[in-house]
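Asker: I have a structure I would like to understand better, so I am pasting it below and will then ask my questions one at a time.
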RNA sequence: GGUGGCGUAGCUCAGUCGGUAGAGCAAACGGCUCAUAUCCGUUCGGUCAGGGGUUCAAAUCCCUUCGCCACUACCA
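Given below as structure tokens:
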């Protein structure tokens, strides 16, 4: 029997995990508990992933050191997992000396084996801080939308991904000085070179380790699309120093070091860590992650290990779950939507009940939707009505009619044949980490117990045929004992409680079906409390929507028309020239006279719909206060309005007769005040214009120009954009 | 627009190598009273998103349309 090394994805330290994030840790916990009970030599490690830009930035904002920030959050994580009853062999973190040691070691080996390449790039350097600036420490004007305080990795305003060198007036995020472009070296791991090794390993391992289907598919598509060299160094302080000459002041990129955290956390657990990580012949590595993490565990981490040229315990089984969704939306850490680890505790609903629901509906092969209603139904019917009830009715019966002693009875061969068959199914499922199906098998077994209880009618036979009743209860008592063993990986506290009623304490898997050892029972307590309608309703309301949405709802939103009128500035503009965009097939570059001092330039995707001649000289409607956006290199300073039918077959530019600069107003809401704020395109589409009976409308009000409604000729009903 | 994924009973989901569809819940009815209004049984429920193709045989493989999701783009 091989040893089993179990890991669950290292949660990033920076935030509180929600129910969806918790699935991995909970899954690995059941599996590890099962393996221990079954008799495998087992080690389950996990911990917080702590290095990287996100924590460094956050710490800076909060005025603490990264270490202090991590300590703070590490504690929060620790408390949550403890509450859920996770039985780690080692719960650690990546910011340890062991991590530094092993990451540097693996890097050196990869380097020696020729899998690390140097590349010189131009990067912004701040002279006053005397360091190269990480992408998000450079601030400046966004080249796409003109937002003044965009970060070098991504503009917070328009959402575009940026290269820091694109920023218009770059400045150092820390000291404000203007950084200069300076060439610097970075290290890349040569994944293409490792590809043949990876491919050979993967095709075998994915079969031997019966990887989840999504993991196989995603890995294959990565391999098929070809791997790129990946930069593994960063200019940060909060990370592991790169042990190479010329790389002083640089650290490893988080994704390179994070998976190695599994190893370093094991090193913190035992000096004999190599028995686990360098013993592939006798160790099987089971990893539990979410599907968003697949490539790191099936491509990048294995490639690093292979590239090192050393002997490592590689991934055996990949258990990559799908997503858990929340009511009619998704769990979101950034938006604060869903139920979070600490919320579960606050509900007063015990951890085992949460564990039950998560496992029962574990998104093993497709996404699953968490709803409070379903939570209530499943808990009440399956956990309580089925399992809880069998335990309770059996034990109270024994207490009431047999004075709490195991009656003298006879082993029912047919019964135990059936039970053994089902128990075998449970074991097989658990052994392959099919956790959801394993739990369902257990509940089916409990259901079988209920059926036997019902069919045997011991409440009647106890007087008519006392021996039949005694036999039945004798067998059922041992079934309940078996259930306490089987359910233990999933619901440890419940298992303890049931075993306690039976004065039982041996949970090893090979006791299953062994009809010895029971004698006295104590009076059973109820295992669970039903989830009541009003309680669930209350929780549903309490944890619905994001906080922002709740505030919005309280205030009451102004009418659509009013929002449109106050925020959006639409003006007539005359087209003065039209030309094909030099670098874009579908775009025209159009200049417009808007009644302003200077003409405006916009880009518009009308190629194929209109020829330049059809457009030139016409007057159109322009959304004049849009934030400028760069489309394929040319700045577009507004958007012209076109109507479109729902089927998108007919598209029509809205031509009008008016002096350039004339404002279009929302009928009944239009005052003359000009919206000052520039708006984002997304905001514009949140306040949609429609065409109804050829008339352009915002909500129920029509859009007017010089007092007359604006109409579309060809489009009768549709949208404007 | 491109790429990938998904679409199965009222709801939430299974469905392996192609062999004319399953579970739980919900609903309806019946039974039992040991048990937390619990348990047992019966019934109802599906053109497997639509269309086409391959095949003796398609939820499954191929093409196509529609709808949803993710990433991505010259999205205006």
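Numbering (this note's numbering), first residue to last: 144 to 864. All C-beta atoms, glycine included, are put in the ideal place defined by N, C-alpha and C. Keep in mind the model is a prediction, meaning the values are calculated, not measured.
Do the CB positions of residue 573 and residue 632 come within less than 8 angstroms of each other?
Answerer: Yes, Cβ-Cβ distance for residue 573 and residue 632 is below 8 angstroms.
Asker: State the Cα-Cα distance for the pair residue 221 and residue 733, rounded to the nearest angstrom.
Answerer: Taking the straight line joining both Cα atoms gives about 59 angstroms.
Asker: Pull the bridge partners of residue 769 from the DSSP assignment, please.
Answerer: For residue 769, which the question treats as bridged, DSSP gives the partners 822.
Asker: Kindly list the residues whose CB is nearer than 8 angstroms to the CB of residue 271, restricted to its own chain and excluding five residues on each side of it in sequence; keep chain order.
Answerer: Correct list, in chain order: 315, 318, 320.
Asker: Could you tell me which uninterrupted beta strand (DSSP E) segments, each at least 3 residues in length, are contained entirely in the stretch 725–805, listed from first to last along the chain?
Answerer: Listed in chain order, the complete beta strand (DSSP E) runs (minimum 3 residues) inside the stretch 725–805 are 731–736, 743–747, 762–766, 772–774, 777–779, 785–788, 794–796.
Asker: Taking a contact to mean a Cβ-Cβ separation below 8 angstroms, would you say residue 325 touches residue 266 in this structure?
Answerer: Yes. Within cutoff.
Asker: Within the stretch 440–506, note down every full beta strand (DSSP E) run reaching 3 residues or more, in order along the chain.
Answerer: Those beta strand (DSSP E) runs which fall completely within the stretch 440–506 and span 3+ residues are 458–464, 467–469.
Asker: Could you give the distance in angstroms between the alpha-carbon of residue 579 and the alpha-carbon of residue 670?
Answerer: Cα-Cα distance, rounded: 21 angstroms.
Asker: Among the candidates 812, 608, 863, whose CA atom is the shortest distance from the CA of residue 833?
Answerer: The candidate whose alpha carbon is nearest that of residue 833 is 863.
Asker: Work out the CA separation of residue 159 and residue 476 for me, nearest whole Å.
Answerer: So the two alpha carbons sit approximately 8 angstroms from each other.
Asker: Quick one: what does DSSP say residue 328 is sitting in, helix, strand or coil?
Answerer: Looking at residue 328 - three-state DSSP - the assignment turns out to be strand.
Asker: Assuming residue 336 and residue 262 form a contact by the criterion Cβ under 8 angstroms, report the distance between their Cβ atoms to the nearest whole angstrom.
Answerer: The Cβ separation is near 14 angstroms, so there is no contact.
Asker: Quick check on the DSSP output: what are the complete alpha helix (DSSP H) runs of length 4 or more inside the stretch 628–679, in order along the chain?
Answerer: Those alpha helix (DSSP H) runs which fall completely within the stretch 628–679 and span 4+ residues are 635–645.
Asker: Opposite residue 429 in the DSSP bridges: which residues?
Answerer: 149, 460.
Asker: Name the one or two DSSP bridge partners that residue 267 has.
Answerer: 324.
Asker: Within its chain, find whatever has a CB closer than 8 angstroms to the CB of residue 438; leave out the 5 residues flanking it on each side and keep chain order.
Answerer: For residue 438, where only same-chain residues beyond five positions count, the Cβ hits under 8 angstroms are 361, 362, 365.
Asker: Roughly how many angstroms lie between the CA atoms of residue 682 and residue 483, to the nearest whole one?
Answerer: So the alpha carbons of these two residues sit roughly 13 angstroms apart.
Asker: Is residue 544 near residue 605, with beta carbons less than 8 angstroms apart?
Answerer: The answer is yes: Cβ separation under 8 angstroms.
Asker: Kindly indicate the opening and closing residues of the alpha helix (DSSP H) around residue 536.
Answerer: 532–545 is the span of the alpha helix (DSSP H), which, as asked, contains residue 536.
Asker: Per DSSP, which one or two residues make a beta bridge with residue 282?
Answerer: Partner(s): 294, 314.
Asker: Taking all protein chains shown into account, decide if residue 441 is buried (16 or more other Cβ within 10 angstroms of its Cβ) or exposed.
Answerer: When all chains shown are included, residue 441 counts as buried.
Asker: In chain order, what residues of the same chain lie with their CB nearer than 6 angstroms to the CB of residue 722, ignoring the 5 residues before and after it?
Answerer: Closer than 6 angstroms at Cβ, skipping near neighbours: 732.
Asker: What residue does the alpha helix (DSSP H) around residue 173 start on, and which one ends it?
Answerer: Taken as a continuous stretch (DSSP letters only), the alpha helix (DSSP H) holding residue 173 covers 162–181.
Asker: Could you check if residue 740 is buried or exposed, using at least 16 other CB atoms within 10 Å of its CB as the buried criterion?
Answerer: Under this definition residue 740 is an exposed residue.
Asker: Tell me where the alpha helix (DSSP H) around residue 515 begins and ends.
Answerer: Element bounds for residue 515: 515–521.
Asker: On the DSSP bridge list, what partners appear for residue 559?
Answerer: BP columns for residue 559 are empty, so no partner.
Asker: Report yes or no: do the stretch 352–361 and the stretch 412–419 share at least 3 C-beta pairs separated by less than 8 angstroms?
Answerer: With a cut-off of 8 angstroms, the stretch 412–419 and the stretch 352–361 do not count as touching, because too few Cβ pairs lie within range.
Asker: State yes or no: is the C-beta of residue 322 within less than 8 angstroms of the C-beta of residue 250?
Answerer: No. Outside cutoff.
Asker: Please confirm if the stretch 419–426 is in contact with the stretch 380–395, defined as three or more CB-CB distances below 8 angstroms between the two stretches.
Answerer: No contact exists between the stretch 419–426 and the stretch 380–395.
Asker: Hey, could you find the ends of the beta strand (DSSP E) residue 718 is sitting in?
Answerer: Element bounds for residue 718: 713–723.
Asker: Label residue 602 either buried or exposed according to how many other C-beta atoms from any shown protein chain fall within 10 Å of its C-beta, with 16 as the threshold for buried.
Answerer: When all chains shown are included, residue 602 counts as exposed.
Asker: Assign residue 807 to one of three DSSP states: helix, strand, or coil.
Answerer: Strand at residue 807.
Asker: Just tell me which of 447, 799, 189 has its CA closest to the CA of residue 257.
Answerer: Looking at the Cα atoms, 447 is the closest of the given residues.
Asker: Excluding the 5 residues flanking residue 465 on each side, which residues of the same chain have their C-beta closer than 6 angstroms to its C-beta?
Answerer: Closer than 6 angstroms at the Cβ level, and outside the excluded window around residue 465, lie 434, 506, 509, 510.
Asker: In this structure, does DSSP put residue 377 in helix, strand or coil?
Answerer: If DSSP states are grouped into helix, strand and coil, residue 377 belongs with the strands.
Asker: Which one or two residues does DSSP pair with residue 241 in a beta bridge?
Answerer: Answer is none; residue 241 lacks a bridge partner.
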